[in-house]
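For the sequence shown, this note's numbering begins at 4 and goes up steadily by one. Built from N, CA and C at the ideal position, the CB exists for glycine as well. Below is one structure, written out as C-alpha cells; the observations come after it.
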Amino acid sequence: MGTEGRQLAFDLPHRPASGRDDFLVTPSNEKAVALIDLWPNWPSHVLILLGPPGSGKSHLAAVWRETTGARIIAPPEIHKESVPDLLQKGALVIEDAPGERLDEAGFFHLLNLAREQKASILITARQAPLGWGIALPDLISRLKAAPVAQLGAPDDELLRGVLVKLFADRQIAVDEATVSYLLARMPRELDAARSLVAEIDRRALEERAEVTRNFAARVLGDITSPGLFAEDEG
Numbered sequence: 004m005g006t007e008g009r010q011l012a013f014d015l016p017h018r019p020a021s022g023r024d025d026f027l028v029t030p031s032n033e034k035a036v037a038l039i040d041l042w043p044n045w046p047s048h049v050l051i052l053l054g055p056p057g058s059g060k061s062h063l064a065a066v067w068r069e070t071t072g073a074r075i076i077a078p079p080e081i082h083k084e085s086v087p088d089l090l091q092k093g094a095l096v097i098e099d100a101p102g103e104r105l106d107e108a109g110f111f112h113l114l115n116l117a118r119e120q121k122a123s124i125l126i127t128a129r130q131a132p133l134g135w136g137i138a139l140p141d142l143i144s145r146l147k148a149a150p151v152a153q154l155g156a157p158d159d160e161l162l163r164g165v166l167v168k169l170f171a172d173r174q175i176a177v178d179e180a181t182v183s184y185l186l187a188r189m190p191r192e193l194d195a196a197r198s199l200v201a202e203i204d205r206r207a208l209e210e211r212a213e214v215t216r217n218f219a220a221r222v223l224g225d226i227t228s229p230g231l232f233a234e235d236e237g
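Next comes the structure, spelled out in C-alpha cells:
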C-alpha cells in the first residue's frame, strides 16, 4: 500500500468473540457488557439484552455463549415438550424474541424450570417485553421482573474501532482520512461496517487497486443495492 496509507492502530479494550472478530467495549455498550460479565452472579436467572438493529446483540450473546457453553435457539423452538432438552447445558440464549410466533405457555414453563434448575437464560430483543404482545399475564409478569442490559446504537468510537479491526483482519492498510470519511457516511450499524469493508476488499482485489480515501469513497458511492447493508439481527 502507498505511503499515505498509514495503518491505524487502536487500543480499545476488547474480548475474544466467536470467529475471528473481537468484541470492542465503548460507552455505547459498556454497561450492558458489565452486567453480562456478572454471570454466574446475575441478579436473576434470566437477563434480557435489548438493543436496536446493528447494536451487536448477537455478537455479545456469542461472547456469553463462549463463556457458558450455552445453546442458542430462536423463539419458535420453545414448546413445552422441548423445555427439558433446551436446558440440558444449564445455559440458553434465546435470539430475537419474541419472534414471529411464541408458545407462551411453553416459554413460561421454560422460565420456571430454569429457576428450579438454577439455569441461566439470556434473551436478546429489540424492545422490552411489554411490546411483545404477550397475552399470558404470568409470563409478562415474569419477564417484566427480569433485569435488562441495554445496548445503545453504535457510537463513533465503536464504529471506528470495528472498521480499523476489519481492515486489519484483511491486511488492508488504511489512513485516518479514509476511516473518518466512511464513518461519517455509512449506516450506523456494525453489520454495515462488515459488509462495507468486505466490498472494499473485494473491489480492491478485483481492480488491483490501493485502498485510498478516493477508492473507498467510490466503492461507498457505488453501493446502491439495499441488500449489501443487510439489517443486523443482533
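If the five residues before and after threonine 215 are omitted, its C-beta is found closer than 6 Å to no C-beta atom of its own chain. Counting of Cβ neighbours within 10 angstroms places glutamate 210 among the exposed residues, the total staying below 16. Using a C-beta cut-off of 8 Å, the region 145 to 154 makes contact with the region 57 to 72, since at least three inter-stretch Cβ pairs fall below that distance. Boundaries of the beta strand (DSSP E) harbouring alanine 152: 151 to 153, taken from the DSSP string.
With respect to leucine 90, leucine 116 sits close: the two C-beta atoms are nearer than 8 Å. Taking every protein chain shown into account, the CB of proline 87 has fewer than 16 other CB atoms within 10 angstroms, so this residue is exposed.
Under the 8 Å Cβ criterion, the region 103 to 122 counts as touching the region 66 to 80, having at least three qualifying pairs. In this structure the region 123 to 143 does not lie against the region 159 to 169, because fewer than three pairs of beta carbons, one per stretch, are closer than 8 Å. Under DSSP, arginine 74 forms a beta bridge with Leu95.
Within the same chain, Leu27, Leu193 and Ala196 come within 7 Å of valine 165 by CB-CB distance, once the 5 residues on both sides are set aside. Isoleucine 203: member of the alpha helix (DSSP H) spanning 193 to 210, first to last residue.
One Cα belongs to arginine 173, the other to alanine 212, and the distance between them is close to 14 Å.
When the alpha-carbon of threonine 29 is set against those of Ala122, Leu142 and Leu162, the nearest one is in Leu162. Residue range 49 to 53 is occupied by the beta strand (DSSP E) that includes valine 49.
Cα atoms of serine 31 and alanine 187: separation of roughly 17 Å, rounded to the nearest angstrom. Taken atom to atom, the span from the alpha-carbon of isoleucine 97 to that of asparagine 217 is near 42 Å. DSSP places leucine 161 inside the alpha helix (DSSP H), whose first and last residues are 159 to 172. With 16 or more other Cβ atoms inside 10 Å of its own Cβ, alanine 219 counts as buried. Between the alpha carbons of arginine 68 and glutamate 33 lies a gap of roughly 18 Å.
Serine 58 carries a coil assignment under DSSP once its states are collapsed to helix, strand and coil.
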